[in-house]
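Heads up, the first sequence is in UniProt numbering, so the first residue is 1 and it goes up one at a time. Worksheet for the structure shown next.
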Amino acid sequence: MKIATWNVNSLRVRLPQVLDWMESAQPDLLAVQETKLTDDAFPVGDLHALGYHAVYSGQKTYNGVAVFSKTPIENVQTDPPNLKDPQRRILAVTAGPLRVINLYVPNGSEVGSDKYAYKLDWLAKIRDFIAQEMAQNPHTVVLGDFNIAPEDRDVHDPESWREKILCSTPERDAFRALADLGLTDLFRRFEQPEGSFSWWDYRAAGFRRNLGLRIDHILASPHLAERCTACTIDKAPRRLERPSDHAPVVAEFAGF
DNA sequence: ATGGTCGATGTTCGA
Numbered sequence: 001m002k003i004a005t006w007n008v009n010s011l012r013v014r015l016p017q018v019l020d021w022m023e024s025a026q027p028d029l030l031a032v033q034e035t036k037l038t039d040d041a042f043p044v045g046d047l048h049a050l051g052y053h054a055v056y057s058g059q060k061t062y063n064g065v066a067v068f069s070k071t072p073i074e075n076v077q078t079d080p081p082n083l084k085d086p087q088r089r090i091l092a093v094t095a096g097p098l099r100v101i102n103l104y105v106p107n108g109s110e111v112g113s114d115k116y117a118y119k120l121d122w123l124a125k126i127r128d129f130i131a132q133e134m135a136q137n138p139h140t141v142v143l144g145d146f147n148i149a150p151e152d153r154d155v156h157d158p159e160s161w162r163e164k165i166l167c168s169t170p171e172r173d174a175f176r177a178l179a180d181l182g183l184t185d186l187f188r189r190f191e192q193p194e195g196s197f198s199w200w201d202y203r204a205a206g207f208r209r210n211l212g213l214r215i216d217h218i219l220a221s222p223h224l225a226e227r228c229t230a231c232t233i234d235k236a237p238r239r240l241e242r243p244s245d246h247a248p249v250v251a252e253f254a255g256f
């Protein structure tokens, strides 16, 4: 079984790249963020033509999450009871043996800003939601754009990013609090090249110079984490013309 | 030198 996460930064613009990538990579499940599409505009026909079920929670201009799965999707949850939030950032689904929680964590703008406070509050509330989900589902995956680089090795220049947005200690503590629920960052279960990142700023030739951060993650509950055989970042789509600023992160499992 | 580039929108804002 292969699953993946990808912040596509507008599914309208990126749809051909997403379809090409899915046709080639053949994930059993793909979680996407920043679709920036209302539900009535969702290209569900294109996904069906490729053999995928699709569920989505969209809004105009901002945010928007979706899950594409080869197996049918059930028990869709977009609004955790403890989180009153009109922003469309969460999509929890059951697909085959998996409970999958797709997250587009708020960016936070700047440390100390209102958006930063919203981010930390959102993360605290989503932690409670994930804990409840894990209590009911032995095979839980939490994946998406976390907008947090968990450690200095996830940052191209840790000193210049010290206590900046995406890297601040409260954000890293919030990420750690999710992991402490019993979730493993699958990417770090394996030896990885130095300078492995999932996002590069469009500005200042960030990708060409590998000025990136690893902020997109796949976390898994213990039974799943033990059966994970690989977790990689696929930089190929980031090299295309008119790419998303994020690359897909992919995890594979044996025995599922 | 607090820059730079996208995407959606609308003559800026969020990332």
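Idealized CB from N, CA, C, for every residue including glycine. Computed from a predicted structure; not experimentally measured.
Expected contact under 8 Å - CB spacing of residue i and residue j to nearest Å
i	j	result
residue 69	residue 88	Contact doesn't hold; Cβ gap of about 19 Å is too wide.
residue 80	residue 126	7 Å
residue 145	residue 214	Between residue 214 and residue 145 the Cβ distance is about 11 Å, and since that is not below 8 Å, they are no contact.
residue 246	residue 63	Actually they are not in contact, since the Cβ atoms of residue 246 and residue 63 sit about 14 Å apart, beyond 8 Å.
residue 142	residue 119	Not confirmed; about 16 Å, so no contact.
residue 102	residue 31	4 Å
residue 222	residue 182	6 Å
Among the options, the one whose alpha carbon lies nearest that of residue i
i	options	result
residue 1	227, 136 and 187	227
residue 256	74, 127, 29 and 123	29
residue 82	234, 207 and 132	132
residue 38	49, 21, 26 and 11	11
residue 40	51, 33, 105 and 59	59
residue 77	107, 129 and 175	129
residue 67	85, 50, 45 and 95	95
residue 186	206, 232 and 211	232
residue 134	99, 33 and 72	99
residue 34	74, 150 and 107	107
residue 123	71, 93, 178 and 229	178
residue 53	43, 61, 46 and 72	72
residue 140	90, 169, 84 and 225	225
residue 97	244, 136, 199 and 241	136
residue 263	47, 43 and 91	Residue 263 is absent from the structure shown; the chain starts at 1 and stops at 256.
DSSP beta-bridge partners of residue i
i	result
residue 252	2 and 230
residue 257	This structure cannot settle anything about residue 257, because the visible part of the chain is limited to 1 through 256.
residue 217	144
residue 155	213
residue 104	145
residue 74	94
residue 99	94 and 140
residue 185	219
residue 31	5 and 67
residue 199	213 and 246
Local Cβ density within 10 Å of residue i, reported as buried at 16 or more and exposed below that
i	result
residue 219	buried
residue 190	exposed
residue 24	exposed
residue 4	buried
residue 254	exposed
residue 210	exposed
residue 159	exposed
residue 202	exposed
residue 36	buried
residue 26	exposed
residue 194	exposed
residue 45	exposed
residue 51	exposed
residue 180	exposed
residue 217	buried
residue 86	exposed
residue 251	buried
residue 75	exposed
residue 171	buried
Residue i: CB within 7 Å of a non-hydrogen atom of the ligand GTP
i	result
residue 224	Summarising the ligand content, the structure contains no ligands, and the ligand GTP is consequently not present.
Margin query: When you compare the segment 16-29 with the segment 232-250, are there three or more beta-carbon pairs, one atom per stretch, that lie closer than 8 Å?
Written below: Touching, yes.
Check: Would you call the segment 156-165 and the segment 104-123 touching, i.e. three or more CB-CB distances under 8 Å?
Finding: Enough Cβ pairs lie closer than 8 Å, so yes.
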